[in-house]
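Following: one structure in structure tokens, then a few remarks.
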Amino acid sequence: MGRQAFYRQWRSQTFGQVVGQDPITRTLRNALQSGRLVHAYLFCGPRGVGKTSMARILAKAANCQDLQDGEPCGHCPSCVAITEGRCLDIIEIDAASRNSVEDVRDLRDKVNFAPSEVKYKFYILDEAHMLSGSAYNALLKTLEEPPPHAIFVLVTTEVHKLPATVISRCQRLDFRRIGLADTVKHLALVCKSEGIDAEPAALDYIGRLAT
């Protein structure tokens, strides 16, 4: 088996590992601890700031059997299955390629089925701004009145392209661009863990190029 790419090896698995998004991680952890999850979230912001990773962590935490201070334990059967990508109740949809009204109607037909492995069935719609207008119309009723076992997370880099009717039915969380200091600090952690020698100036340069 080939070596796993760094971006997969170092993808955040807990809220505490997410870099540069403290207000959002705090909001979600508080919601989990108080049992006040909403039925639809909107994660918006620039590319590469952790939106999809955060959606996966939220799915893991919401279904964790041993939640610890709002963090998924990482060891229960639900956490392990979601981390390994084999939980059938965590459905990731690439809206860039599955953006037709037929795709949404298929989702709408299946959302009423109860989850088979975990408590909540999660639908993560990546690149949500790519859905067609008719697809959004088909999705709207489900977003308004979803079954109690379903949670939607819409992920987008272009929130201005989403209809106002959809935005108003989600809890919107705006991700910010990760600062240079946080980027350099995390790069140094990765290098140290991987046994890579890197000068501070080199890490600073990489961080600036990464914007």
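In the working numbering, the protein residues as written are 1 to 211.
Idealized CB from N, CA, C, for every residue including glycine.
The structure displayed is predicted, hence computed values, not measured ones.
Bridge partners for residue 153 per DSSP, in chain order?
Position 153 of the sequence shown holds residue 153. Paired residue(s): 41, 124.
My output table needs one value for residue 177: the three-state DSSP class, helix, strand or coil.
Your numbering for residue 177 matches position 177 in the sequence shown. Residue 177: coil per DSSP, three-state reduction.
Rounding to the nearest angstrom, what Cα-Cα distance links residue 61 and residue 27 in this structure?
Counted from its first residue, the sequence shown places residue 61 at position 61. Counted from its first residue, the sequence shown places residue 27 at position 27. When rounded, the distance between both Cα atoms is 13 Å.
With the cut-off set at 9 Å, would you say residue 209 and residue 191 are in Cβ contact?
Walking along the sequence shown from the start, residue 209 turns up at place 209. Walking along the sequence shown from the start, residue 191 turns up at place 191. Not a contact, by the Cβ cut-off of 9 Å.
Leaving out five residues before and five after residue 186 in sequence, what residues of the same chain have Cβ atoms less than 7 Å from its Cβ?
For the purposes of this step, residue 186 is taken as the residue at position 186 of the sequence shown. Hits under 7 Å: 19.
Quick check on the DSSP output: what are the complete alpha helix (DSSP H) runs of length 4 or more inside the region 13–96, in order along the chain?
With a minimum length of 4 residues, the continuous alpha helix (DSSP H) runs that stay inside the region 13–96 are 22–34, 51–63, 77–83.
Per DSSP, what kind of secondary structure is residue 8 in: helix, strand or coil?
As a working mapping, residue 8 is identified with position 8 in the sequence shown. Three-state DSSP puts residue 8 in a helix.
Is the beta carbon of residue 126 closer than 9 Å to that of residue 155?
Reading the sequence shown from its first residue, position 155 is the one you call residue 155. Reading the sequence shown from its first residue, position 126 is the one you call residue 126. Contact: yes.
Can you pull the DSSP bridge partners for residue 172?
On the sequence shown, position 172 is the one that residue 172 refers to. Residue 172 is bridged to 42.
So, is residue 165 buried or exposed, given that buried needs 16 or more other C-beta atoms within 10 angstroms?
Mapped onto the sequence shown, residue 165 falls at position 165. Under this definition residue 165 is an exposed residue.
Exposed or buried, residue 6, counting other C-beta atoms within 10 Å across all chains shown (16 or more means buried)?
Translated into the one-based positions of the sequence shown, residue 6 becomes position 6. With fewer than 16 Cβ atoms within 10 Å of its Cβ, residue 6 is classed as exposed.
Quick one: Cα of residue 196 to Cα of residue 14, how far?
Position 196 of the sequence shown holds residue 196. Position 14 of the sequence shown holds residue 14. If I take the Cα positions, the gap works out to 24 Å.
Taking the alpha-carbon of residue 173 as reference, which of 116, 9, 23 has the nearest alpha-carbon?
On the sequence shown, residue 173 is found 173 positions in, with the first residue counted as 1. It is 23.
Do residue 80 and residue 178 count as a contact pair if the criterion is CB distance below 9 Å?
What you label residue 178 is simply residue 178 of the sequence shown in a count that begins at 1. What you label residue 80 is simply residue 80 of the sequence shown in a count that begins at 1. No. Outside cutoff.
Quick one: residues in its chain with C-beta nearer than 8 Å to the C-beta of residue 40, no 5 flanking neighbours on either side, listed in chain order?
Numbered from 1 along the sequence shown, position 40 holds the residue referred to as residue 40. Hits under 8 Å: 143, 146, 151, 152, 153, 154, 169, 170, 171.
Which first and last residues belong to the alpha helix (DSSP H) in which residue 142 is found?
For the purposes of this step, residue 142 is taken as the residue at position 142 of the sequence shown. Judged by DSSP secondary structure, residue 142 falls within the alpha helix (DSSP H) whose first and last residues are 133–144.
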